[in-house]
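Trainee: Here it is, the structure, as structure tokens.
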Amino acid sequence: MTEVSDNAARSSLTSALSTQLSCFEPACRISLTISSASVFIDVQLVIPDAVPGASAAASSITNAATADWLCLLAVTDPDAGYSGFSQIIVPTDSPGFSYDLLDKIGNVGSDTGQLYFDNVRVPVAHTIGEIGRGFQQQMMQFQEERLWGAANAIKGCENLIAQTIDYARERQVFGMSLLDNQSVHFKLAELQTEVEMLRALVWQACETYINGGDVLRLASMAKLKAGRLSREVADGCMQYWGGNGFMWDNPASQLYRDGRLGSIGGGADEVMLGIICKTMGMLPGKKKNS
Numbered sequence: 008m009t010e011v012s013d014n015a016a017r018s019s020l021t022s023a024l025s026t027q028l029s030c031f032e033p034a035c036r037i038s039l040t041i042s043s044a045s046v047f048i049d050v051q052l053v054i055p056d057a058v059p060g061a062s063a064a065a066s067s068i069t070n071a072a073t074a075d076w077l078c079l080l081a082v083t084d085p086d087a088g089y090s091g092f093s094q095i096i097v098p099t100d101s102p103g104f105s106y107d108l109l110d111k112i113g114n115v116g117s118d119t120g121q122l123y124f125d126n127v128r129v130p131v132a133h134t135i136g137e138i139g140r141g142f143q144q145q146m147m148q149f150q151e152e153r154l155w156g157a158a159n160a161i162k163g164c165e166n167l168i169a170q171t172i173d174y175a176r177e178r179q180v181f182g183m184s185l186l187d188n189q190s191v192h193f194k195l196a197e198l199q200t201e202v203e204m205l206r207a208l209v210w211q212a213c214e215t216y217i218n219g220g221d222v223l224r225l226a227s228m229a230k231l232k233a234g235r236l237s238r239e240v241a242d243g244c245m246q247y248w249g250g251n252g253f254m255w256d257n258p259a260s261q262l263y264r265d266g267r268l269g270s271i272g273g274g275a276d277e278v279m280l281g282i283i284c285k286t287m288g289m290l291p292g293k294k295k296n297s
């Protein structure tokens with residue numbers, strides 16, 4: 008396997024995402040929105056017999072207040088199952104669109120909000136790809152998003168471990184360096200080992216993706232491991248910072264707040280486990296009501 012650096016892994020995925028969006032104004036900020044409601048897109052020109060225009064809402068959407076347009080996954084044919092979704096571009100200055108901001112515990116550098124669509128209409132030309140193929144298109148994009156999230160988590164964990172080592176080396180407890188306690192340096196060694204395992208998994212997944220391989224299982228595994236490891240590193244390191252670790256501007260508390268999203272955003276841990284089980288051929292089928 009050709010060795011790929013962390014930065015190269017992130018750059019490759021970022022480049023892939025940027026290429027897909029290159030037809031839009033680079034200065035624009037976008038928001039990915041997924042709604043289960045049946046909505047908009049001049050549907051009388053797209054799906055015969057569908058209701059032209061509808062009201063809907065979507066919650067916990069990043070860039071709700073600052074996005075210039077939304078990449079919306081919406082139901083355009085409620086009776087078509089997975090073939091009833093379409094991806095639609097919705098400008099945020101469209102009549103009927105509004106939002107409410109939400110107050111988050113972390114990742115405060117980006118806004119998150121509740122979106123509302125009150126009979127919003129957009130032209131059929133705002134459809135991304137094929138009508139009715141939105142779900143499949145979105146699932147392909149999710150693999151890139153999840154790989155990027157896993158790659159992005161590596162340095163955050165690694166930096167906190169390094170900062171904790173420096174702090175523990177200087178901190179004196181009962182006449183000795185905190186780092187000299189076996190339980191402390193053993194724990195930090197274990198955490199760094201876990202980071203290296205995540206790095207290897209991310210590199211393997213990126214190598215497979217760049218070469219055109221199927222990364223559904225590897226991307227899901229990397230995303231799952233990254234989210235859980237971020238939580239483990241933040242919690243473990245915070246303990247060694249003592250009271251300082253509980254302060255708002257401490258690096259351990261920052262990862263404790265911001266890293267928690269890794270197990271929720273882009274597909275929760277339970278979703279990743281379901282995908283992994285499915286690729287392993289052991290996910291039970293849905294039980295029908297008798």
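Residues in the sequence shown are numbered consecutively from 8, following my numbering.
For each residue, glycine too, the CB sits at the ideal point set by N, CA and C.
For clarity, every value in this text was computed on a predicted model and none was experimentally measured.
Give me the Cβ distance between A65 and L122, rounded to the nearest whole Å; I'm assuming they're in contact under 8 Å.
Mentor: Your numbering for residue 65 matches position 58 in the sequence shown. Your numbering for residue 122 matches position 115 in the sequence shown. Yes, they are in contact, since the Cβ atoms of A65 and L122 sit about 5 Å apart, within 8 Å.
Trainee: Among residues of its own chain, excluding the 5 on either side of A229, which ones have a beta-carbon nearer than 6 Å to its beta-carbon?
Mentor: Looking up residue 229 in the sequence shown gives position 222. Hits under 6 Å: A157, L208, V209 and A212.
Trainee: How many angstroms separate the CA atom of E165 from the CA atom of F104?
Mentor: Position 158 of the sequence shown, counting from 1, holds the residue named residue 165. Position 97 of the sequence shown, counting from 1, holds the residue named residue 104. Roughly 41 Å separates the two Cα atoms.
Trainee: Helix, strand or coil for S75, going by three-state DSSP, please let me know.
Mentor: Taking the sequence shown and counting its residues from 1, the one referred to as residue 75 is at position 68. Note on residue identity: the sequence assigns Asp, not Ser, to residue 75. D75 carries a coil assignment under DSSP once its states are collapsed to helix, strand and coil.
Trainee: Whole angstroms are fine: how far does the CA of K111 sit from the CA of C284?
Mentor: As a working mapping, residue 284 is identified with position 277 in the sequence shown. As a working mapping, residue 111 is identified with position 104 in the sequence shown. Going from the Cα of C284 to the Cα of K111 covers about 32 Å.
Trainee: Leaving aside the five residues before and after M289 along the sequence, list all residues of the same chain whose C-beta is less than 8 Å from its C-beta, in chain order.
Mentor: Your numbering for residue 289 matches position 282 in the sequence shown. Taken in chain order, the list of residues that qualify is empty.
Trainee: Using 8 Å as the threshold, is the segment 258-273 in touch with the segment 192-201, meaning 3 or more CB pairs across them?
Mentor: no
Trainee: So which of V127, Q143 and M147 has the shortest CA-CA distance to S93?
Mentor: Looking up residue 93 in the sequence shown gives position 86. The shortest C-alpha separation from S93 is found at Q143.
Trainee: On the three-state DSSP scale, how would you describe L108?
Mentor: Here residue 108 refers to the residue found at position 101 when the sequence shown is read from its first residue. Correct three-state label for L108: strand.
Trainee: Evaluate A132 with the Cβ neighbour count: other Cβ atoms within 10 Å of its Cβ, from every protein chain shown; 16 or more gives buried, anything less gives exposed.
Mentor: Taking the sequence shown and counting its residues from 1, the one referred to as residue 132 is at position 125. A132 should be labelled exposed.
Trainee: From E277, E239 and I282, pick the residue whose C-alpha is nearest to that of D265; which is it?
Mentor: Working through the sequence shown from its first residue, we reach residue 265 at position 258. Looking at the Cα atoms, E239 is the closest of the given residues.
Trainee: Return the chain-ordered list of same chain residues with a C-beta closer than 6 Å to the C-beta of D256, the five sequence neighbours on each side being excluded.
Mentor: Translated into positions along the sequence shown, residue 256 becomes position 249. Correct list: empty, nothing qualifies.
Trainee: Which residues mark the beginning and the end of the beta strand (DSSP E) in which Y123 is found?
Mentor: If you number the sequence shown from 1, residue 123 lands on position 116. Unbroken beta strand (DSSP E) run through Y123: T119 to D125.
Trainee: Which first and last residues belong to the beta strand (DSSP E) in which S227 is found?
Mentor: In the sequence shown, counting from the first residue as 1, residue 227 sits at position 220. From DSSP, S227 is part of no beta strand (DSSP E) but of the alpha helix (DSSP H) over L223 to W248.
Trainee: Let me know if V127 comes out buried or exposed under the rule of 16 or more other beta-carbons within 10 Å of its beta-carbon.
Mentor: For this step, residue 127 is matched to residue 120 along the sequence shown. Of the other Cβ atoms in all chains shown, 16 or more fall within 10 Å of the Cβ of V127; this residue is therefore buried.
Trainee: Across which residues does DSSP place T134 in a beta bridge pair?
Mentor: By one-based count along the sequence shown, residue 134 stands at place 127. I95.
Trainee: Assuming E171 contacts Y247 (C-beta within less than 8 Å), just tell me the rounded distance between them.
Mentor: Position 164 of the sequence shown holds residue 171. Position 240 of the sequence shown holds residue 247. Note on residue identity: the sequence assigns Thr, not Glu, to residue 171. 6 Å between Cβ atoms; contact.
Trainee: Mind the definition here: the segment 138-155 touches the segment 169-189 only if three or more C-beta pairs lie below 8 Å; say whether that holds.
Mentor: no
Trainee: Which residue wins for smallest C-alpha separation from G141, given the options M254, R178, G269 and L79?
Mentor: As a first step, residue 141 is located in the sequence shown; it is residue number 134 there, counting from the start. Ranking M254, R178, G269 and L79 by Cα distance to G141 puts L79 first.
Trainee: Is it buried or exposed for K232, if we count other Cβ within 10 angstroms and need 16 for buried?
Mentor: To locate residue 232, count along the sequence shown from 1; it is residue 225. The residue in question, K232, is buried, as its Cβ has 16 or more Cβ neighbours within 10 Å.
Trainee: So the candidates are P291, S237, L280 and Q179; which of them puts its Cα closest to the Cα of G249?
Mentor: Here the question's residue 249 lines up with position 242 in the sequence shown. Measuring from the Cα of G249, the nearest candidate turns out to be Q179.
Trainee: Where do the N-terminal and C-terminal ends of the alpha helix (DSSP H) with M289 fall, by residue?
Mentor: In the sequence shown, residue 289 corresponds to position 282, counting from 1. Here M289 belongs to no alpha helix (DSSP H), and DSSP marks it neither H nor E.
Trainee: Quick one: Cα of P291 to Cα of G281, how far?
Mentor: Stepping through the sequence shown from its first residue, residue 291 is reached at position 284. Stepping through the sequence shown from its first residue, residue 281 is reached at position 274. In a straight line, the C-alpha of P291 is about 10 Å away from that of G281.
Trainee: For a test of the three-state rule: what should DSSP assign to I68, helix, strand or coil?
Mentor: The sequence position of residue 68 within the sequence shown is 61, counting from 1. Note: I68 maps to strand in three-state DSSP.
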